[in-house]
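J.:
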Amino acid sequence: MSTYRFTLHEDSISPGGWMHILTGGANRALICLMGSAGLEAQEPLFKEQATCATGASMVTTGHDGALILRWELALAEDEEEIESAGVTSRILSSVEIDLEEGEDYIFRVESLGLPPKDWIADQEQVGDAINACLQGKFLLISGDTEETEQKQAEAWFEADGAKFSLKANEEEPSLLVRAVVIAPDRLDDIAAIPVSANENGDEPKRFDKMLAEGVAAL
Numbered sequence: 001m002s003t004y005r006f007t008l009h010e011d012s013i014s015p016g017g018w019m020h021i022l023t024g025g026a027n028r029a030l031i032c033l034m035g036s037a038g039l040e041a042q043e044p045l046f047k048e049q050a051t052c053a054t055g056a057s058m059v060t061t062g063h064d065g066a067l068i069l070r071w072e073l074a075l076a077e078d079e080e081e082i083e084s085a086g087v088t089s090r091i092l093s094s095v096e097i098d099l100e101e102g103e104d105y106i107f108r109v110e111s112l113g114l115p116p117k118d119w120i121a122d123q124e125q126v127g128d129a130i131n132a133c134l135q136g137k138f139l140l141i142s143g144d145t146e147e148t149e150q151k152q153a154e155a156w157f158e159a160d161g162a163k164f165s166l167k168a169n170e171e172e173p174s175l176l177v178r179a180v181v182i183a184p185d186r187l188d189d190i191a192a193i194p195v196s197a198n199e200n201g202d203e204p205k206r207f208d209k210m211l212a213e214g215v216a217a218l
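Heads up: the sequence shown begins at 1 in UniProt numbering, then just goes up one per residue.
(1) Residue 97 to residue 130, Cα distance in whole Å?
(2) How would you call residue 153, buried or exposed, if buried means at least 16 neighbouring beta carbons within 10 angstroms?
(3) Considering only the beta carbon of each residue, do residue 37 and residue 13 sit closer than 8 Å?
(4) Return the CA-CA distance between residue 197 and residue 205, expressed in angstroms with no decimal places.
(5) Given this structure, state the Cα-to-Cα distance separating residue 74 from residue 25, to the nearest angstrom.
(6) How long is the line joining the alpha carbons of residue 68 and residue 188, rounded to whole angstroms?
(7) If contacts are defined as beta-carbon pairs under 8 Å, then residue 140 and residue 166 qualify, I think. What distance do you get, rounded to the angstrom?
(8) How about residue 89 and residue 10: do their beta carbons lie closer than 8 Å?
(9) Quick one: what does DSSP say residue 218 is sitting in, helix, strand or coil?
(10) Got a sec? Which residues, its chain only, sit under 8 Å from residue 133 by beta carbon, not counting five neighbours each side?
(11) Mark residue 55 as exposed unless 16 or more other C-beta atoms lie within 10 angstroms of its C-beta, in which case mark it buried.
(12) For residue 72, count neighbouring C-beta atoms within 10 Å of its own C-beta (all shown protein chains included) and say buried if the count is 16 or more, exposed if not.
(13) So for residue 150, helix, strand or coil by DSSP?
(14) If we count the other Cβ atoms within 10 Å of its Cβ and call it buried at 16 or more, is residue 57 buried or exposed?
(15) With a CB to CB cut of under 7 Å and the five nearest residues on each side skipped, what residues in its chain are close to residue 143?
(16) Comparing C-alpha positions only, which one of 8, 168, 15 and 17 sits nearest to residue 27?
(17) Nearest-angstrom Cα distance between residue 217 and residue 53?
(18) Rounded to whole angstroms, how far is the Cβ of residue 180 from the Cβ of residue 127, which I believe are closer than 8 Å?
(19) Tell me the rounded alpha-carbon separation between residue 168 and residue 35.
Have a look at this one:
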C-alpha cells in the first residue's frame with residue numbers, strides 16, 4: 001500500500017488564462033462549470049462536461065474564461081507543481097487515502113440530482129469519493145447518527161465502505177458531482193441509485209449519471 005493525496009480544487013480561469021499542471025505521476029478529473037476550456041491533446045471541455053487525464057495537463061481558455069472543479073490524485077510525498085496565469089484556485093477538500101500500487105483503479109466523475117424533499121437512505125460508498133454540492137443543499141447522515149448540512153460550493157469526503165444517507169433541500173432541487181477512485185475488485189459492488197417516479201408516474205424525479213471515466217495510473 002502507498003499513501004495518496006486526493007484533493008478537490010476550484011479553479012477560476014480568466015479569459016485567455018492558462019494553467020500547466022506538472023505534478024509528477026498525478027491523475028486528475030475535471031468538470032467545467034462555466035465557460036469552456038481547452039486541454040492539450042484532448043477534446044475541449046464545455047459547460048457540464050468532464051474528462052479524466054494522467055500526467056502533465058495544459059489547460060487554456062478563450063474569451064469566456066472557465067470555472068473548473070479539478071480532482072487530483074497523486075502520491076502524498078509528491079508536491080503539487082503548477083504554472084499558471086490568470087488563475088485563482090482554492091482547495092475545497094483534501095484527504096490522504098491508501099491505494100495498492102500497480103492496480104488499475106477506476107477514476108470516475110458522476111453527478112447526482114435530487115428533487116426537493118427527496119431522500120436516499122442506507123447507501124454504501126463504493127470507492128473513495130470527494131463530493132461537491134453545486135445546487136441546493138444536502139443533509140448528509142454518516143453512519144447512524146452524524147448529520148452534516150452540505151451547502152452549495154462545499155465539499156466532503158466519503159471513504160470506501162462508508163454507510164450514509166442523503167436528503168435533498170426541502171424547497172429546491174439539489175445537485176452534486178463527485179470523483180470516485182474505485183478498486184477493480186469493488187466494481188461488481190456498485191449499485192445504481194434507485195430512480196423513482198413522480199406521483200403521476202411521469203418522468204423520473206432523480207438522476208444518477210456517469211460523466212467521465214478513466215484508469216488511474218498508480
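Where is the CB? At the ideal position from N, CA and C, for every residue including glycine. Bear in mind the structure is a predicted one, so any value in this text is a computation, not a measurement.
T.: Judging by the given coordinates:
(1) C-alpha of residue 97 to C-alpha of residue 130: approximately 11 Å in a straight line.
(2) Exposed, since its Cβ has fewer than 16 Cβ neighbours within 10 Å.
(3) The Cβ-Cβ distance between residue 37 and residue 13 falls below 8 Å.
(4) For residue 197, the pLDDT reaches just 43, beneath the cut-off of 50, and the residue's location in the model is therefore unreliable, although a value from the coordinates is still provided. If you take the alpha carbons of residue 197 and residue 205, they lie about 6 Å apart.
(5) As the crow flies, the alpha-carbon of residue 74 is around 6 Å from that of residue 25.
(6) For residue 68 and residue 188, the distance between alpha carbons rounds to 31 Å.
(7) Contact holds; Cβ gap of about 6 Å.
(8) Going by C-beta atoms, residue 89 is nearer than 8 Å to residue 10.
(9) DSSP places residue 218 in coil when its eight states are reduced to three.
(10) Sequence-distant Cβ neighbours of residue 133 in its own chain, meaning closer than 8 Å and more than five residues away, are 150, 151, 152, 153, 154, 155, 174, 175 and 176.
(11) That one is exposed.
(12) The residue is buried, with at least 16 neighbouring Cβ atoms inside 10 Å.
(13) Look at residue 150 here: in three-state DSSP terms it is strand.
(14) Buried.
(15) Cβ within range, chain order: 163.
(16) Nearest to residue 27 by C-alpha distance, out of 8, 168, 15 and 17, is 8.
(17) When rounded, the distance between both Cα atoms is 10 Å.
(18) Rounded, the Cβ-Cβ distance is 4 Å, consistent with contact.
(19) Using only the alpha carbons, I get a separation of about 27 Å.
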